[in-house]
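Asker: Under the numbering used here, read the sequence shown as residues 167 to 421, first letter to last.
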Amino acid sequence: MSWSSAQYSKFENERNRPIRDLLFNVPINQVNTAADIGCGPGNSTELLSAQFPDAKITGMDSSENMIEAARKRLPDVHFEVDDISTWRDTGPYDVILANAALQWVPDHQTLFPALIGKLAKGGCLAVQMPDNFDEPAHRLMRETAANGPWAAKLNDASKRMTREGAEWYYRNLRDKVATLDIWRTVYHHPLQGGPAAIVEWFKGTGLRPFIEPLDDTERNAFLAQYEEGIAKAYPQYADGSVLLPFPRLFIVATV
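(1) Taking contact to mean at least 3 C-beta pairs separated by less than 8 angstroms, is the region 282-290 in contact with the region 231-242?
(2) As a quick exercise: from Ile262, Arg326, Glu330 and Asp220, pick the residue whose alpha carbon is nearest that of Ile185.
(3) Using the C-alpha atoms, what's the distance from Val293 back to Ala166?
(4) At what residues does the beta strand (DSSP E) containing Gln358 begin and finish?
(5) Among all the DSSP beta bridges, which residues are the ones paired with Lys222?
(6) Taking its Cβ as the centre, do 16 or more other Cβ atoms sit within 10 Å of Phe416, making it buried, or is it exposed?
(7) Just curious, the beta strand (DSSP E) that Arg337 is in, first and last residue?
(8) May I ask you to verify whether the region 362-371 touches the region 309-326, counting CB pairs closer than 8 angstroms and requiring at least 3?
(9) Buried or exposed for Gly288, going by 16 or more other Cβ atoms inside 10 Å?
(10) Give me the Cα-Cα distance between Gly257 and Glu212, rounded to the nearest whole angstrom.
(11) Can you round the beta-carbon distance between Phe113 and Thr310 to whole angstroms, since I take them to be within the 8 angstroms contact cut?
(12) If you check the beta carbons only, do Met226 and Ala201 fall under 9 angstroms apart?
(13) Output the residue ranges of the beta strand (DSSP E) runs that lie fully inside the region 220-297 and measure 3 residues or longer, sorted by chain position.
(14) Which term fits Asn191, buried or exposed, when burial requires 16 or more other beta carbons within 10 angstroms of its beta carbon?
(15) Tell me which residue opens and which closes the alpha helix (DSSP H) that Trp376 is part of.
(16) Between Asn195, Phe245, Thr199 and Val197, which lies nearest to Asn209 when the distance is taken from Cα to Cα?
(17) Quick one: what's got a C-beta closer than 7 angstroms to Asn298's C-beta in the same chain, skipping five residues either side?
(18) Can the beta-carbon of Val421 be found less than 9 angstroms from the beta-carbon of Ile348?
(19) For Pro279 and His354, I'd like the C-alpha separation in whole angstroms.
(20) Give the C-beta separation of Leu306 and Ile396 to the nearest angstrom, bearing in mind that I take them to be a contact with Cβ-Cβ under 8 angstroms.
(21) Please list the terminal residues of the continuous beta strand (DSSP E) segment that includes Leu410.
(22) Is it buried or exposed for Asp382, if we count other Cβ within 10 angstroms and need 16 for buried?
(23) Could you check the C-alpha separation between Ala235 and Asn179 for me, to the nearest Å?
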């Protein structure tokens, strides 16, 4: 699946808020080495570097487009193209940051212990994942996919993302770390541009598996049908804005 750094960055201010909240809750001050996995265009890496200015930081993403944008943004940081699920770097790292990335990686039963194993003593795994799969915006993706001539093409689109509940992560990680902090926050983002703004938001993330397999005609029809549903689920206010509630799950595990 391809990614567009330009599309993703359209809502950077809103996307940066949970990163700041996550980093604020990392309970260590002395950080020598840190990794930003699934770093995207480098906005999370930039915030990680600002939080720990003396740390040697590595950024990694599976998208060459994202890494190219990250290198332009932060030319003094080492970035590499790699896949989180097969990441062979053993560390050890004082901080591993995974912002809005691990929901795209399968088998969290194996993935999380593997990442924890790359931490130095006292190190921290800081994770944020969207927890909005049951929100109208995501439900409408699945409904639109199932109710159109593209249904066969999109049969597996909704299976691309992986995310368990908070209790699952607590139950599976609590014996593997010294401290474990899990919380959920719902952000309410006012977006200008009406329902089309919500469509633009998700074109950079959750809609990717649904629209990428389609040809141009199908893609335009899919997005038009999806936007009709969005307009009903998220009313537009008199000033042209819409309010997008966006739940996110946070996990800070310290060894």
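A virtual CB, placed ideally from N, CA and C, is assigned to each residue, including glycine. Note that the structure is a prediction, hence the values are computed from the model and not measured.
Answerer: According to the data block:
(1) no
(2) Working through the sequence shown from its first residue, we reach residue 185 at position 19. Minimum Cα distance to Ile185 is reached at Ile262.
(3) Not covered by the structure: residue 166. The range shown for the chain is 167 to 421.
(4) Start at 1 with the first residue of the sequence shown, and residue 358 comes out as number 192. Where Gln358 is concerned, the enclosing beta strand (DSSP E) stretches over Thr345 to Gln358.
(5) On the sequence shown, residue 222 is found 56 positions in, with the first residue counted as 1. In the DSSP output, where bridge partners are listed per residue, Lys222 has Thr199.
(6) Counted from its first residue, the sequence shown places residue 416 at position 250. Result: buried.
(7) Here residue 337 is taken as the residue at index 171 of the sequence shown, counted from 1. Per DSSP, Arg337 belongs to no beta strand (DSSP E); it is in the alpha helix (DSSP H), Ala332 to Leu339.
(8) no
(9) The residue given as residue 288 occupies position 122 in the sequence shown. Gly288 is exposed by the Cβ-count criterion.
(10) Residue mapping note: residue 257 aligns to position 91 of the sequence shown, counting from 1. Residue mapping note: residue 212 aligns to position 46 of the sequence shown, counting from 1. Roughly 20 angstroms between the two C-alpha positions.
(11) With the chain represented from 167 up to 421, any question about residue 113 goes unanswered, as that position is not in the structure.
(12) Position 60 of the sequence shown, counted from the start, is the residue given in the question as residue 226. Position 35 of the sequence shown, counted from the start, is the residue given in the question as residue 201. Yes, the pair counts as a contact, with Cβ atoms nearer than the cut-off.
(13) 222-227, 244-247, 259-265 and 285-296
(14) In the sequence shown, the residue the question calls residue 191 occupies position 25. It is exposed - the Cβ of Asn191 has fewer than 16 other Cβ atoms within 10 Å.
(15) Indexing the sequence shown from 1 puts residue 376 at position 210. In the sequence on display, residue 376 carries Phe and not Trp. Phe376 -> alpha helix (DSSP H) spans Arg374 to Ile377.
(16) Translated into the one-based positions of the sequence shown, residue 209 becomes position 43. Residue Phe245 is the option with its Cα nearest to Asn209.
(17) Taking the sequence shown and counting its residues from 1, one reaches residue 298 at position 132. Contacts found: His304, Phe412 and Pro413.
(18) Here residue 421 is taken as the residue at index 255 of the sequence shown, counted from 1. Here residue 348 is taken as the residue at index 182 of the sequence shown, counted from 1. No, these two residues do not count as a Cβ contact at 9 angstroms.
(19) Here residue 279 corresponds to residue number 113 of the sequence shown, with the count starting at 1. Here residue 354 corresponds to residue number 188 of the sequence shown, with the count starting at 1. Distance between the alpha carbons of Pro279 and His354: 32 angstroms.
(20) Looking up residue 306 in the sequence shown gives position 140. Looking up residue 396 in the sequence shown gives position 230. Yes, Leu306 and Ile396 are in contact; Cβ-Cβ is about 6 angstroms, under 8 angstroms.
(21) Start at 1 with the first residue of the sequence shown, and residue 410 comes out as number 244. Its beta strand (DSSP E) spans residues Ser407 to Thr420.
(22) Here residue 382 corresponds to residue number 216 of the sequence shown, with the count starting at 1. Exposed, since its Cβ has fewer than 16 Cβ neighbours within 10 Å.
(23) The residue labelled residue 235 in the question sits at position 69 within the sequence shown. The residue labelled residue 179 in the question sits at position 13 within the sequence shown. About 17 angstroms.
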